[in-house]
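Beneath this line is the structure, given in structure tokens, with notes to follow.
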Amino acid sequence: MKKIDWKIVVLTSIVSLLPIILGLALYSQLPATIAIHFNLNNQPNNYTTKPIFVFGFPIGMTLFQIIVCVISDLGNKRPISKGLMATFKSVIPFLSVLLYIVTVLFALGVPVDIRRIVMLLLGLFALLLGIFIPNNMTDINVRKDAKVRALMRAYRLMGVAMMIGGLLMVLSILMIPIYSGISIGIFIILVLLSQFQIWQLQKRK
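According to UniProt numbering, the sequence shown is numbered sequentially starting from 1.
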């Protein structure tokens with residue numbers, strides 16, 4: 001019977017909630033409305049009220065993290081390597097803390113390049129997942145018939161696709177904003193094509 005790793009759920013939830021401390025410490029200095037979404041040119045295009053951001057953002061990320069942890073623990077059909085699982089479960093808490101800090105700095109008038117920070121984060125996570133996903137296939141405890149070998153190749157290709165997309169996203173921070181959008185588009189296309197290949201192989205008898 002599959003079990004939920006409640007220790008990780010609690011630990012990552014606490015990390016996701018930590019930004020509230022910063023929000024409370026700077027609450028009086030924050031403006032009444034806070035920018036929470038930006039375009040590629042680093043211009044804010046969506047706002048929310050101060051209380052919703054200070055409390056709602058971390059709480060929302062925490063609830064999302066709990067759902068992700070529970071689904072990943074109960075929903076996976078085969079063993080997943082510890083490295084891949086640790087990377088996967090650390091994404092939301094890390095983003096919760098970093099994006100909160102960046103948003104607060106922007107709200108306080110500190111010059112922050114949101115695009116470059118976000119693209120760097122997305123690129124690094126894509127690179128990490130690209131490294132761990134192919135390695136996870138070595139944990140399959142089944143006879144390596146033709147279908148399994150084909151799946152292993154497909155997962156390796158997905159890893160390469162994610163690494164290429166991640167590298168493009170990281171490099172895009174050195175270029176004009178349009179290249180960040182292009183790199184995200186290339187990443188999505190490569191991953192979808194790889195996932196489609198894996199889905200086709202899994203359908204085979």
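From the three backbone atoms N, C-alpha and C, an ideal C-beta is built for every residue, glycine too.
Query	Result
Distance, Cα to Cα, I176 vs I4?	44 Å
Could you pull out every unbroken alpha helix (DSSP H) segment of at least 4 residues lying fully inside the segment 11-61, listed in chain order?	19-25
Identify, in the order they occur along the chain, each residue of the same chain with its Cβ nearer than 6 Å to the Cβ of S194, setting aside the five sequence neighbours on each side.	L157, M158 and A161
Comparing C-alpha positions only, which one of I133, V91 and L18 sits nearest to V118?	V91
Taking contact to mean at least 3 C-beta pairs separated by less than 8 Å, is the segment 60-73 in contact with the segment 25-45?	no
Return helix, strand or coil for M175, following the three-state DSSP convention.	coil
Assuming residue 215 and L168 form a contact by the criterion Cβ under 8 Å, report the distance between their Cβ atoms to the nearest whole angstrom.	Residue coverage of the chain in this structure runs from 1 to 205, which leaves residue 215 outside it and unanswerable.
Is D5 helix, strand or coil by DSSP?	coil
Could you tell me which uninterrupted alpha helix (DSSP H) segments, each at least 4 residues in length, are contained entirely in the segment 77-128, listed from first to last along the chain?	82-107
Comparing C-alpha positions only, which one of R116, S172 and V102 sits nearest to S183?	S172
Going by beta carbon distance, what residues of the same chain come within less than 6 Å of G23, once the five residues before and after it are set aside?	V54
Could you round the C-beta distance between T87 and L128 to whole angstroms and report it? I think they count as a contact, below 8 Å.	5 Å
Quick one: measure Cβ to Cβ for L95 and L121, integer angstroms, because I've assumed they're closer than 8 Å.	7 Å
Please classify residue 209 as buried or exposed, where buried requires at least 16 other C-beta atoms within 10 Å of its C-beta.	Only positions 1 to 205 of the chain appear in this structure, which leaves residue 209 out of reach.
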